[in-house]
Amino acid sequence: MSHWLIKSEPEMFGIADLARVGREPWNGVRNYQARNFMWKDMRPGELALFYHSNAKPSGIVGIARVGGPPRPDPTQFDAASEYFDPKASASAPRWWLVDFEYVATLPHMLSLAEIKADPTLAAMAVCQRGSRLSINPVSASHFARVCQLGGWDGAGSQAAPPPLVPTPYGPL
Numbered sequence: 112m113s114h115w116l117i118k119s120e121p122e123m124f125g126i127a128d129l130a131r132v133g134r135e136p137w138n139g140v141r142n143y144q145a146r147n148f149m150w151k152d153m154r155p156g157e158l159a160l161f162y163h164s165n166a167k168p169s170g171i172v173g174i175a176r177v178g179g180p181p182r183p184d185p186t187q188f189d190a191a192s193e194y195f196d197p198k199a200s201a202s203a204p205r206w207w208l209v210d211f212e213y214v215a216t217l218p219h220m221l222s223l224a225e226i227k228a229d230p231t232l233a234a235m236a237v238c239q240r241g242s243r244l245s246i247n248p249v250s251a252s253h254f255a256r257v258c259q260l261g262g263w264d265g266a267g268s269q270a271a272p273p274p275l276v277p278t279p280y281g282p283l
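Each residue of the sequence shown is one higher than the last, beginning at 112 in this note's numbering.
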């Protein structure tokens with residue numbers, strides 16, 4: 112089972128928003144590497160660190176769970192959307208998303224400065240210069256350390272993941 116870090120600006124959609132709605136499609140991702148993480152690598156039930164970017168301070172504020180298999184991002188087909196892609200079609204989608212479910216808000220937000228200061232976490236992609244991806248894989252040891260420093264004991268994270276569902280767009 113993999114772990115992830117997902118970034119969002121709190122003014123656009125923060126951990127409080129995810130807590131309020133419970134589940135949200137992670138649409139609008141328009142970077143091929145981040146798209147491929149969702150499309151090819153993420154599996155239902157995997158946990159993600161929720162990171163507030165462009166915040167003062169930026170940092171990890173909560174935990175989310177991949178809530179289902181990948182599916183085409185519908186915003187790519189909507190000409191009125193800022194995420195419209197004229198090269199995408201229903202038979203050949205270019206952009207994918209997964210849903211994320213709210214799991215927890217960390218009792219202690221872990222700021223980027225705190226992450227960088229911890230020798231165990233300093234190697235995380237979010238600490239690396241030039242790392243701007245909105246989705247990154249996270250090692251199990253880094254995930255556990257963030258949870259420890261953030262004061263989260265894992266309560267509410269043990270639900271069985273839903274089964275994988277084949278799609279007409281390829282294997283999951």
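Idealized CB from N, CA, C, for every residue including glycine. As the structure is a computational prediction, the values presented were derived from the model and not from experiment.
Straight-line gap, residue i to residue j (C-alpha atoms, nearest Å)
i	j	result
Met-123	Arg-205	24 angstroms
Phe-161	Leu-221	11 angstroms
Ala-203	Leu-260	43 angstroms
Glu-157	Ile-226	22 angstroms
Pro-181	Val-172	24 angstroms
Ser-250	Ala-127	25 angstroms
Ile-174	Gly-241	24 angstroms
Pro-155	Ser-113	10 angstroms
Gly-125	Glu-135	11 angstroms
Asp-229	Met-149	28 angstroms
Thr-231	Lys-167	23 angstroms
Gly-262	Ala-233	19 angstroms
Exposure label - residue i; buried when at least 16 CB within 10 Å
i	result
His-219	exposed
Gly-178	buried
Val-132	exposed
Arg-243	exposed
Ala-159	buried
Contact under 8 angstroms by Cβ, residue i with residue j
i	j	result
Trp-137	Leu-208	yes
Ser-169	Leu-223	yes
Own chain partners of residue i with C-beta closer than 8 angstroms, once the 5 adjacent residues on each side are dropped
i	result
His-198	In the sequence as displayed, the identity of residue 198 is Lys instead of His. Same-chain partners within the cutoff: Arg-205.
Tyr-194	Asn-138, Gly-139, Arg-141, Asp-184, Thr-186, Gln-187 and Trp-206
Asp-210	Arg-134, Glu-135, Pro-136, Trp-137, Val-177, Gly-178 and Gly-179
Asp-152	Ser-113 and Pro-248
Cys-238	Leu-223, Ile-226, Lys-227 and Leu-232
Beta-carbon proximity list for residue i, same chain, < 6 angstroms, skipping 5 on both sides
i	result
Glu-120	Ser-164 and Asn-165
Met-235	His-253
Lys-118	Tyr-162, Ser-164 and Ser-245
Asp-264	none
Asp-196	Gln-187 and Arg-205
Ser-200	none
Val-276	Below a pLDDT of 50, predicted positions are generally treated as unreliable, and Val-276, at 46, falls in that range; no measurement from the model is reported.
How do the region 240 to 255 and the region 199 to 214 stand: do at least 3 beta-carbon pairs fall below 8 angstroms, yes or no?
No contact exists between the region 240 to 255 and the region 199 to 214.
Touching by the beta-carbon criterion (3+ pairs, under 8 angstroms), the region 187 to 201 and the region 143 to 150:
Contact between the region 187 to 201 and the region 143 to 150 is absent: fewer than 3 CB-CB pairs across the two stretches fall below 8 angstroms.
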